[in-house]
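Only one structure is covered here, and it is reproduced in the block below.
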Amino acid sequence: MPPSKNYNRSSQLSQKKTNSLSSAPPLKTLPPQPNISQLENFALSALAPSMAVVFTLPFDTVKVRMQLQGEIRIMRDVTGKTVRSAAEKVYKSSFDCLWKTFKYEGIRGLEKGLVPSILKESSKNVFRLGLYDPILSVLHPKNDFTSSSSAPAWKRMLAGGICGALGAVSANPFELVKTRLQSTAAGAIAVGNQYGYVSVSSALRQIMAKEGGVKGLYRGSMISVYRGILGSAANLSSYTMLRDYAIREGYTEGVPLDMGCSLLSAFVSVVFMNPLDVVRTRLYNTSSNNRQSIFNTIKIIVENEGLKSLYKGFGTHFMRIGPHFCLTFVFLEQLKRGVKQIKLEEYQRSLQQPHYS
Numbered sequence: 001m002p003p004s005k006n007y008n009r010s011s012q013l014s015q016k017k018t019n020s021l022s023s024a025p026p027l028k029t030l031p032p033q034p035n036i037s038q039l040e041n042f043a044l045s046a047l048a049p050s051m052a053v054v055f056t057l058p059f060d061t062v063k064v065r066m067q068l069q070g071e072i073r074i075m076r077d078v079t080g081k082t083v084r085s086a087a088e089k090v091y092k093s094s095f096d097c098l099w100k101t102f103k104y105e106g107i108r109g110l111e112k113g114l115v116p117s118i119l120k121e122s123s124k125n126v127f128r129l130g131l132y133d134p135i136l137s138v139l140h141p142k143n144d145f146t147s148s149s150s151a152p153a154w155k156r157m158l159a160g161g162i163c164g165a166l167g168a169v170s171a172n173p174f175e176l177v178k179t180r181l182q183s184t185a186a187g188a189i190a191v192g193n194q195y196g197y198v199s200v201s202s203a204l205r206q207i208m209a210k211e212g213g214v215k216g217l218y219r220g221s222m223i224s225v226y227r228g229i230l231g232s233a234a235n236l237s238s239y240t241m242l243r244d245y246a247i248r249e250g251y252t253e254g255v256p257l258d259m260g261c262s263l264l265s266a267f268v269s270v271v272f273m274n275p276l277d278v279v280r281t282r283l284y285n286t287s288s289n290n291r292q293s294i295f296n297t298i299k300i301i302v303e304n305e306g307l308k309s310l311y312k313g314f315g316t317h318f319m320r321i322g323p324h325f326c327l328t329f330v331f332l333e334q335l336k337r338g339v340k341q342i343k344l345e346e347y348q349r350s351l352q353q354p355h356y357s
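In the UniProt record's numbering, the protein residues as written are 1 to 357.
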């Protein structure tokens, strides 16, 4: 029986499709890179953000105070009756907060919480940045040097989320102390609860003594974990995807590329993180006598201040996160390039040295 016309037509189409696929240009791949050890990766992952926070801490201080402003406090009077008190708004805008903080407290006021900030960044990013590549390699095994750059978005987000959760738990005590130190302000511009801690060690001792021991240091840890999962999943996946794509397309690897990718990824992160960041700031600043759950805190904020209030301090949050991520990834990539260059030079010198049998 002769073949049908439909069969012949499908065979021709199949043959054309095969020919077009065989003639298609190969996918672009990343060039091979010399490796650094995992111990070096951990060290650089802790060092880079610790360097960055020195420059971006003033914006973080402003963000904390803007998020505390306007909080409706719910307390009980001597008769047991619930009393709501509306806090007075001290700052007109983020720039007003920046100016007033500098006016009343100087540079030291803008750099409040520097020591716990450095401790927070180093302890958090040992996991957040240091474990990202190893976890991604497990989720997307490397058959060659290009496979990690081809990892799909969901695997990158999963790896980032795991790293973010681990980093949030590790850094929570220092984040708590940092927030309370930053909220402490001159009387005329004070917002939120005022604790009056004089140092990191005294703050840790007082929290443990008054708020249930070590458990008190992990106040707000669950919201930090949620925030870390969302923020790191968005940040690390978008940054690595943007950077890998740019390099495959022929853009030169260097500081401009690192800056552009990190700033874009920072904006994505703030969109996801800001609501949880507002809730966490409120939980951190709440005294031990007025404990609230995460969902109750969200309910109170939305009912009394509106849904829009969950994006309080968004501009300042990006002003802090944008430059912070930008500096972090620039420092991190430059440090990695420096270590790789040193290793390459040592290897080249070893080849030039005479070998005696």
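For every residue, glycine included, the Cβ atom is placed at its ideal position computed from N, Cα and C.
Buried or exposed for Gln-182, please, with buried defined as at least 16 other CB atoms from any protein chain shown within 10 angstroms of its CB.
buried
Compute the Euclidean distance between the alpha carbons of Pro-49 and Lys-308, then round it to the nearest angstrom.
30 Å
Straight-line gap, Ser-221 to Gln-352 (C-alpha atoms, nearest Å):
54 Å
Distance between Tyr-218 and Trp-99 (C-alpha atoms, nearest Å)
32 Å
So, Ala-46 versus Glu-121, is the Cβ gap smaller than 9 Å?
yes
Are the CB atoms of Leu-136 and Ala-153 nearer to each other than 9 Å?
no
Whole-Å CB distance - Thr-328 paired with Ala-52, under 8 Å assumed:
4 Å
Spell out whether any CB of chain D is found under 9 Å from the CB atom of Gln-206.
Among the chains in the structure shown there is no chain D, since it carries only a single protein chain.
Look up Ala-52 in the DSSP assignment and say whether it is helix, strand or coil.
helix
Between the Cα of Lys-112 and those of Leu-129, Val-126, Leu-57, Leu-242, spot the shortest distance and give me the residue it belongs to.
Leu-57
Three-state class that DSSP yields for Cys-163 in the structure shown:
helix
Three-state secondary structure assigned by DSSP to Val-169:
helix
Can Val-278 and Leu-310 be called in contact, C-beta distance under 9 Å?
yes
Using beta-carbon positions only, say whether Cys-326 and Met-259 come within less than 9 Å of one another.
yes
By the 10 Å Cβ neighbour count, where 16 or more other Cβ atoms means buried, how is Asn-296 classified, buried or exposed?
exposed
Can you check which of these residues, Tyr-347, Arg-337, Glu-346, is closest to Leu-40 by C-alpha distance?
This sequence places Glu at residue 40; Leu is not what is there. Out of Tyr-347, Arg-337, Glu-346, Arg-337 has the C-alpha closest to the C-alpha of Glu-40.
Alpha carbon to alpha carbon, what distance is there between Gly-161 and Lys-124?
13 Å
Residues near Tyr-7 by beta carbon distance below 8 Å, same chain, minus five either side:
Low confidence applies here, because Tyr-7 scores a pLDDT of 46, under 50, leaving its location unreliable; read the following figure in that light. Answer for Tyr-7: no residue qualifies.
Which residues in the same chain as Leu-236 place their Cβ atom closer than 6 Å to its Cβ, once the five residues preceding and following it in sequence are excluded?
Tyr-132, Gly-160
For Tyr-226, which of helix, strand or coil comes out of DSSP?
helix
Unbroken alpha helix (DSSP H) run spanning residue 437, endpoints
Shown here, the chain extends from 1 to 357; a query on residue 437 therefore has no answer.
Expressed to the nearest angstrom, what Euclidean distance is found between the alpha-carbon atoms of Met-227 and Leu-276?
The sequence given here has Arg at residue 227, not Met. Spanning the two alpha carbons is a distance of roughly 6 Å.
Need the endpoints of the alpha helix (DSSP H) that Pro-256 sits in, please.
255-285
Proximity to Ala-233 [Cα-Cα], best of Tyr-197, Thr-252, Val-271:
Val-271
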